[in-house]
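**Q** Sharing a structure, written as structure tokens. Questions coming.
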Amino acid sequence: MNRFDVVVVGARCAGSPLAMLLARRGLSVCLLDRARFPSETPSTHIIQPSGAQLLDRMGLLDAALAAGGAELSRFTVVSDDVRIEAHVDDLSARPSLCIRRVTLDALLVEAAGAAGVDVRTGSAVTGLLVDDGRVTGVQTATGPVHASLVVGADGRHSTVASSVGAQKYHVVPPGRLPTWAYFEGVSDQAGRALLGRIGETAYLAGQTDGGLYMTAVTTGFANQARFDADRDGYFTTAIRRFPELADALAGARRVGPIRMVTNWDNYFRQSAGPGWVLVGDAGHFKDFHPGQGIGDAFRQAKRLAEEIVEGLRTGGVDAATQRWWRWRDRDAYEMYWFAILMGSPGAQSPLQRSIFRGIAADQEASRTLFRVLNRDVRPSQLFTPGRALRGAAGALRREPRQAKSIASEVAGSVAQIVGQMRSGRTPPPGMPAAVWR
Numbered sequence: 050m051n052r053f054d055v056v057v058v059g060a061r062c063a064g065s066p067l068a069m070l071l072a073r074r075g076l077s078v079c080l081l082d083r084a085r086f087p088s089e090t091p092s093t094h095i096i097q098p099s100g101a102q103l104l105d106r107m108g109l110l111d112a113a114l115a116a117g118g119a120e121l122s123r124f125t126v127v128s129d130d131v132r133i134e135a136h137v138d139d140l141s142a143r144p145s146l147c148i149r150r151v152t153l154d155a156l157l158v159e160a161a162g163a164a165g166v167d168v169r170t171g172s173a174v175t176g177l178l179v180d181d182g183r184v185t186g187v188q189t190a191t192g193p194v195h196a197s198l199v200v201g202a203d204g205r206h207s208t209v210a211s212s213v214g215a216q217k218y219h220v221v222p223p224g225r226l227p228t229w230a231y232f233e234g235v236s237d238q239a240g241r242a243l244l245g246r247i248g249e250t251a252y253l254a255g256q257t258d259g260g261l262y263m264t265a266v267t268t269g270f271a272n273q274a275r276f277d278a279d280r281d282g283y284f285t286t287a288i289r290r291f292p293e294l295a296d297a298l299a300g301a302r303r304v305g306p307i308r309m310v311t312n313w314d315n316y317f318r319q320s321a322g323p324g325w326v327l328v329g330d331a332g333h334f335k336d337f338h339p340g341q342g343i344g345d346a347f348r349q350a351k352r353l354a355e356e357i358v359e360g361l362r363t364g365g366v367d368a369a370t371q372r373w374w375r376w377r378d379r380d381a382y383e384m385y386w387f388a389i390l391m392g393s394p395g396a397q398s399p400l401q402r403s404i405f406r407g408i409a410a411d412q413e414a415s416r417t418l419f420r421v422l423n424r425d426v427r428p429s430q431l432f433t434p435g436r437a438l439r440g441a442a443g444a445l446r447r448e449p450r451q452a453k454s455i456a457s458e459v460a461g462s463v464a465q466i467v468g469q470m471r472s473g474r475t476p477p478p479g480m481p482a483a484v485w486r
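Numbering-wise, the sequence shown is residues 50 to 486 according to my numbering.
The structure is reproduced here in structure tokens:
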């Protein structure tokens, strides 16, 4: 069979759940991916509690846990010498989950097949089929596959996106160089995640599947030459600066190489058009520091599945994907800028340190920080003008000689927020103003 209701290109954490959800609703779906599974792809491995809840609702959480996914119920967040300790049990119905993509993606592909999806891995899409300006299917090495709708879930370097000429917008260059490695024999197996910044270095670490411990260390791209000259030394020195992480890895052995990603940026993409739609990283990618990517993929797949089913039922699938694109942008917009701020290069400024110190001293604000990371509340509900002013006052008390730079940063932050608000009110390229309203 080479004619389907929907063809999904890309079978990882956006494409496979979407295909599965559509098949469960009775649609005929073909799922294509150039890769074979299990296979690796860059990832933070972290699924926030809200993402774990979606995995549970899809009926896949037990399988992820059985495959070795580690539940993380404790978080230690650092900002130089300030710590916030949190227990997820106090904040959410489910812990976070840490699982390698080599494990998770294979599980998702298998679940799609079990739902009745025609899964074709090792099958690269080489182009799109177009009839009178409308995408009507995809071309593969083994022939065409026709569909009423083509979904691009094929990541940052999406073939579907490039084939339709999907334009990027709100583009921001990368702030940091992500590097990570796995360790075995780690003493800290109590379901704790470590994250934050010390000096110029940012961290994310925690137990994952396979009896391994994932440790990510990020530094500004300005330091890439130093990192490349001595990866082992740079990585080891960075770990020593984070006492809790150094203690956890004492006596542990690294397994495999130190990995890194250099070719990335932050963006939104035009994400819907006649006969096509983009989901996951194909349509939107943001800085990885808050660990949102996998949960966002699940969140987007669930919403898009609902729109596609209704759109195909009523004959208005293009209008449905346009609505979904508008929802995606509005849903992701604030977290996008917050993630970029978290991943900004260099050490934290006096103002940033002061704001974090204030959050750490306020139990309710600390809880709200984790609710922001879980997508329960928007960042603007925590980082209010009042908190910024109190942070500035605290920074001035601690570092009065930095008064000029603190005042400049406050003014710059206000101007940046105003600019983001204005750009957020403008329809993105290719979206009719009537849809955006």
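Virtual Cβ for every residue (Gly too), placed ideally from N, Cα, C.
Since I believe L178 is in contact with I96 (beta carbons under 8 Å), could you give me their beta-carbon distance rounded to a whole number of angstroms?
**A** Translated into positions along the sequence shown, residue 96 becomes position 47. Translated into positions along the sequence shown, residue 178 becomes position 129. 35 Å between Cβ atoms; not a contact.
**Q** In the DSSP assignment, what are the bridge partners of L193?
**A** In the sequence shown, counting from the first residue as 1, residue 193 sits at position 144. Note that residue 193 corresponds to Pro in the displayed sequence, not to Leu. In DSSP, P193 forms a bridge with Q188.
**Q** Whole-angstrom Cβ separation of F419 and A164, contact assumed at under 8 Å?
**A** Locating residue 419 in the sequence shown gives position 370, where the first residue counts as 1. Locating residue 164 in the sequence shown gives position 115, where the first residue counts as 1. That belief does not hold up - the Cβ atoms of F419 and A164 are roughly 33 Å apart, past 8 Å.
**Q** For L156, which residues in the same chain have their Cβ closer than 8 Å to its Cβ, ignoring the five residues on either side in sequence?
**A** Counted from its first residue, the sequence shown places residue 156 at position 107. Counting only Cβ-Cβ distances below 8 Å, and skipping sequence neighbours, we find L109, A112, A113 and A116.
**Q** Does DSSP put S88 in a helix, in a strand, or in coil?
**A** The count along the sequence shown starts at 1 and reaches residue 88 at position 39. If DSSP states are grouped into helix, strand and coil, S88 belongs with coil.
**Q** Over the uninterrupted alpha helix (DSSP H) stretch that includes L76, give me the two end residues.
**A** Numbered from its first residue, the sequence shown carries residue 76 at position 27. That residue, L76, is in no alpha helix (DSSP H); it is neither H nor E in DSSP.
**Q** Evaluate the contact criterion for the region 321 to 333 versus the region 54 to 68: three or more CB pairs, one atom per stretch, below 8 Å.
**A** Touching, yes.
**Q** Just to confirm my understanding: we take M391, look at its own chain, exclude 5 residues before and 5 after, and list those with CB closer than 7 Å. What are they?
**A** Indexing the sequence shown from 1 puts residue 391 at position 342. Excluding residues within five positions, the ones whose Cβ falls inside 7 Å are D336, H338 and P339.
**Q** For I148, does the three-state DSSP call read helix, strand or coil?
**A** Position 99 of the sequence shown holds residue 148. Of the three classes helix, strand and coil, the one that applies to I148 here is coil, per DSSP.
**Q** Would you grab the beta carbon distance between L244 and V426 for me? Rounded to a whole angstrom, and I think it's under 8 Å.
**A** The residue given as residue 244 occupies position 195 in the sequence shown. The residue given as residue 426 occupies position 377 in the sequence shown. With 8 Å as the limit, L244 and V426 do not qualify as a contact, their Cβ atoms being about 19 Å apart.
**Q** Among all the DSSP beta bridges, which residues are the ones paired with D180?
**A** For the purposes of this step, residue 180 is taken as the residue at position 131 of the sequence shown. Per DSSP, R183.
**Q** Using DSSP with H/G/I as helix, E/B as strand and the rest coil, what is A63?
**A** Numbered from its first residue, the sequence shown carries residue 63 at position 14. Correct three-state label for A63: coil.
**Q** Could I get the ranges of all uninterrupted beta strand (DSSP E) runs contained in the region 401 to 482, with 3 residues as the minimum, in chain order?
**A** Those beta strand (DSSP E) runs which fall completely within the region 401 to 482 and span 3+ residues do not exist here.
**Q** Can you give me the start and stop residues for the beta strand (DSSP E) that E43 sits inside?
**A** No answer is possible for residue 43: the residues shown for the chain start at 50 and end at 486.
**Q** For G171, does the count of other Cβ atoms within 10 angstroms reach 16, so buried, or fall short, so exposed?
**A** For the purposes of this step, residue 171 is taken as the residue at position 122 of the sequence shown. G171 is exposed by the Cβ-count criterion.
**Q** Below 7 Å CB to CB, which residues in the same chain sit around E383 once its five sequence neighbours on both sides are set aside?
**A** Residue numbering aside, residue 383 sits at position 334 when the sequence shown is read from its first letter. R427, P428 and S429, listed in sequence order.
**Q** So the candidates are D258, R280, E458 and F317; which of them puts its Cα closest to the Cα of T152?
**A** The residue given as residue 152 occupies position 103 in the sequence shown. For T152, the nearest C-alpha among the options comes from D258.
**Q** Does the region 312 to 324 come into contact with the region 209 to 224, if we say contact requires no fewer than three beta-carbon pairs (one atom in each stretch) closer than 8 Å?
**A** Flag = yes, the region 312 to 324 and the region 209 to 224 touch.
**Q** For D167, is the beta carbon positioned less than 7 Å from some heavy atom of the ligand GTP?
**A** Ligands in the displayed structure: none, and consequently the ligand GTP is not present.
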